[in-house]
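Below is one structure, written out as structure tokens; the observations come after it.
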Amino acid sequence: MSLAKTSAGTPARVGIVIVSHSPDVARGTADMVRQMVGTEVPLAWCGGNPDGGLGTSVEKIIAAIDAAWSEAGVAILVDLGGAETNSEMAIELLPEERQERTVLVNAPLVEGAIMAATEAWGGGSLDDVRRTAEELAPR
Amino acid sequence: MTDLPGHMAVALGADDIETLFGAMARTIIAHAEELTALDQAIGDGDHGVNMKRGFEAVTANLPAIAAKPLPEALKAAGMELVMKVGGASGPLYGTLLMTLGKTLPAAPGRGDVAAALAAAIDAVKARGKSETGQKTMLDVLAPVQAAVARGEDLATIRAIAAEAAAATVPMRATRGRASFLGERSVGHMDPGARSSQLLVEAVCDAIGDFA
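Protein sequence lines correspond, in order, to chains G and C.
Using numbering that gives the first Met the number 0, the first residue of the first sequence is number 0, and each one after it goes up by one.
Using numbering that gives the first Met the number 0, the first residue of the second sequence is number 0, and each one after it goes up by one.
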């Protein structure tokens with residue numbers, strides 16, 4: 000387990016980003032993470048297309064990554080196909096030094112977000128966070 | 000119908016680029032309801048609405064896009080689609096245009112177009128983790144690229160795009176939302192194949208107008 004240090008000297012926890020086609024699902028999932036894991040993990044959510052309808056928006060995903068940014072990296076949890084493709088695109092549009100510290104996690108959205116946040120809270124590395132959440136992925 | 004802008008490389012001017020992207024945007028916007036209807040049959044029902052939103056953004060910025068050299072114009076239009084579409088087709092079509100922009104010279108000849116299309120199709124395959132034969136836009140783009148590489152004329156390229164889109168009807172989807180439907184995806188044209196066909200037709204028409 001490796002703990003990246005922030006400039007303040009406290010260990011940086013991996014940030015979690017929740018991306019759903021539905022703003023309600025994204026916010027609800029974030030609410031569950033907050034209630035079950037607390038507020039010490041950097042967390043951001045986004046949902047909805049650029050018009051606010053169902054869908055995902057690359058611009059909103061980039062903003063959510065910025066909001067949850069941590070020196071330890073950011074793990075993104077998504078619901079369906081378009082959210083995954085748009086998140087991959089968003090990662091590629093990040094500044095280069097952030098790209099390698101941002102990962103897309105292949106796990107069910109709600110359970111994965113809670114597992115990822117729990118691992119992040121415990122000080123797990125970006126790799127630990129991803130692996131723990133991906134244990135939930137159907138095989 | 001004339002040939003592609005010749006075997007001779009000719010730089011496209013701002014008017015040409017405006018014609019090109021204007022034609023693409025008009026056809027997508029005009030067919031938005033049809034694309035959405037196709038997507039309601041086997042997808043998540045938003046392809047037309049999404050593509051319309053993306054191409055409306057391209058239209059809104061058309062003068063600025065057309066003022067750039069062709070490679071930069073393609074990248075700028077692709078970025079509009081990435082940012083504004085709101086579905087998986089945004090990154091897919093955005094990647095297509097942005098890769099064309101990265102690969103094409105400012106004054107492309109036919110060989111350049113064939114090579115750039117091949118590179119763009121590879122980028123779309125990587126973005127969508129897809130191959131031809133899975134009932135997607137690739138099933139139109141790949142035969143169109145082959146036709147361009149063979150040196151077919153514009154009328155033939157249009158016909159090949161139409162045949163390729165129609166050929167997705169009996170296919171079973173194995174990628175994208177339609178793949179959730181399994182056998183039930185058979186019997187419907189793929190909406191991404193149809194939007195690709197529309198864009199190919201628009202490009203052929205615009206190129207016909209240049210000559």
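Note that CB positions come from ideal geometry on N, CA and C, so glycine has one too.
- prompt: Excluding the five sequence neighbours on either side, which residues of its own chain have a C-beta within less than 7 Å of the C-beta of PRO190(C), listed in chain order?
  reply: Hits under 7 Å: LEU34, LEU37, ASP38, GLY42, HIS46.
- prompt: Can you tell which of CYS45(G), ALA11(G), GLY121(G) has the C-alpha that lies nearest to the C-alpha of ILE75(G)?
  reply: Nearest of CYS45(G), ALA11(G), GLY121(G) to ILE75(G), Cα basis: CYS45(G).
query: Who are the Cβ neighbours of GLU17(C) in its own chain at under 7 Å, not counting the five residues just before and after it?
result: Only LEU61, ALA65 meet the Cβ criterion.
task: Could you work out which residues of chain G lie near GLY191(C), taking near to mean beta carbons separated by less than 9 Å?
output: By Cβ distance, chain G contributes nothing, its closest Cβ being about 12 Å from GLY191(C), past 9 Å.
- prompt: Since GLY121(G) meets chain C, which of its residues come closer than 7 Å, beta carbon to beta carbon?
  reply: Contacts between GLY121(G) and chain C, judged by CB atoms closer than 7 Å, are missing: the closest CB pair is about 32 Å apart.
task: For chain C, find out if any of its Cβ atoms is closer than 7 Å to the Cβ of GLU133(G); answer yes or no.
output: Cβ-Cβ to chain C under 7 Å: no for GLU133(G).
field: Residues near ARG171(C) in its chain [Cβ-Cβ closer than 8 Å; skip 5 each side]
entry: Sequence-distant Cβ neighbours of ARG171(C) in its own chain, meaning closer than 8 Å and more than five residues away, are LYS134, GLY181, GLU182, SER184, VAL185.
query: When you check each C-beta in the stretch 33-60 of chain G against every C-beta of chain C, which residues fall closer than 9 Å?
result: Of all residues in the stretch 33-60 of chain G, only GLY47, ASN48, PRO49, ASP50, GLY52, LEU53, GLY54, THR55, SER56, VAL57, GLU58 place a beta-carbon less than 9 Å from a beta-carbon of chain C.
message: I'd like to confirm something about SER129(C): is its beta-carbon nearer than 6 Å to some heavy atom of the ligand PLP, or not?
response: Among the components of this structure there are no ligands whatsoever, and the ligand PLP is therefore not found.
First and last residue of the uninterrupted alpha helix (DSSP H) at GLY27(G): According to the DSSP assignment, GLY27(G) belongs to the alpha helix (DSSP H) that extends over 22-36.
task: Report the neighbours of MET114(G) on chain C: residues whose CB is nearer than 9 Å to its CB, in chain order.
output: Within chain C, not a single residue places a beta-carbon under 9 Å from that of MET114(G); the smallest gap is close to 24 Å.
query: What in chain G is Cβ-close to VAL199(C), meaning under 9 Å?
result: Near VAL199(C) there are no residues of chain G at all, since even the closest Cβ is about 22 Å away, more than 9 Å.
task: Determine the chain C residues that contact GLY81(G) at a beta-carbon separation under 7 Å, and present them in chain order.
output: Residues of chain C whose Cβ lies closer than 7 Å to the Cβ of GLY81(G) are, in chain order, GLY86, ALA87.
- prompt: Should GLY153(G) be labelled buried (16 or more other beta-carbon atoms within 10 Å of its own) or exposed?
  reply: Only positions 0 to 138 of chain G appear in this structure, which leaves residue 153(G) out of reach.
Cβ pair ASP138(C), THR98(C) closer than 7 Å: Result no, Cβ atoms of ASP138(C) and THR98(C) do not sit closer than 7 Å.
- request: Report the residue from VAL81(C), PRO104(C), HIS187(C), GLY21(C) whose alpha carbon sits nearest the alpha carbon of GLU58(G).
  value: The shortest C-alpha to C-alpha distance from GLU58(G) to any of VAL81(C), PRO104(C), HIS187(C), GLY21(C) is the one to VAL81(C).
query: Anyone know if the C-beta pair for SER86(G) and LEU103(G) falls short of 7 Å?
result: In contact: SER86(G) and LEU103(G) (Cβ atoms closer than 7 Å).
Under the three-state DSSP convention, the category THR167(C) falls into: For THR167(C), the secondary structure class from DSSP, reduced to helix, strand or coil, is coil.
field: Rounded straight-line distance, which links the Cα of LEU135(G) to that of THR117(G)
entry: A direct Cα-Cα distance of roughly 14 Å separates THR117(G) from LEU135(G).
message: Looking at chain G, is there any beta carbon in it that lies within less than 7 Å of the beta carbon of LYS83(C)?
response: Yes, LYS83(C) counts as interfacial toward chain G.
- request: Examine chain G for any beta-carbon lying closer than 7 Å to the beta-carbon of ARG176(C), and answer yes or no.
  value: Yes, ARG176(C) counts as interfacial toward chain G.
- prompt: What do you reckon, are the CB atoms on LEU103(C) and GLN144(C) nearer than 7 Å?
  reply: In this structure, GLN144(C) does not lie closer than 7 Å to LEU103(C) by Cβ.
- request: Output yes or no for whether 7 Å exceeds the beta carbon distance between LEU153(C) and GLY108(C).
  value: Cβ distance not < 7 Å, so LEU153(C) and GLY108(C) don't count as in contact.
field: Cβ-based contacts, 7 Å cut-off: residues of the stretch 53-74 of chain C near chain G
entry: Within the stretch 53-74 of chain C, not one residue has a Cβ closer than 7 Å to any Cβ of chain G.
message: Short of 8 Å Cβ to Cβ, which residues in the stretch 112-132 of chain C face chain G?
response: Listed in sequence order: ARG126, GLY127.
message: Can you pull out the residues from the stretch 38-50 of chain C whose beta carbon lies closer than 9 Å to at least one beta carbon of chain G?
response: Only those residues of the stretch 38-50 of chain C whose C-beta falls short of 9 Å from the nearest C-beta of chain G are listed: ASP43, ASP45, VAL48, ASN49.
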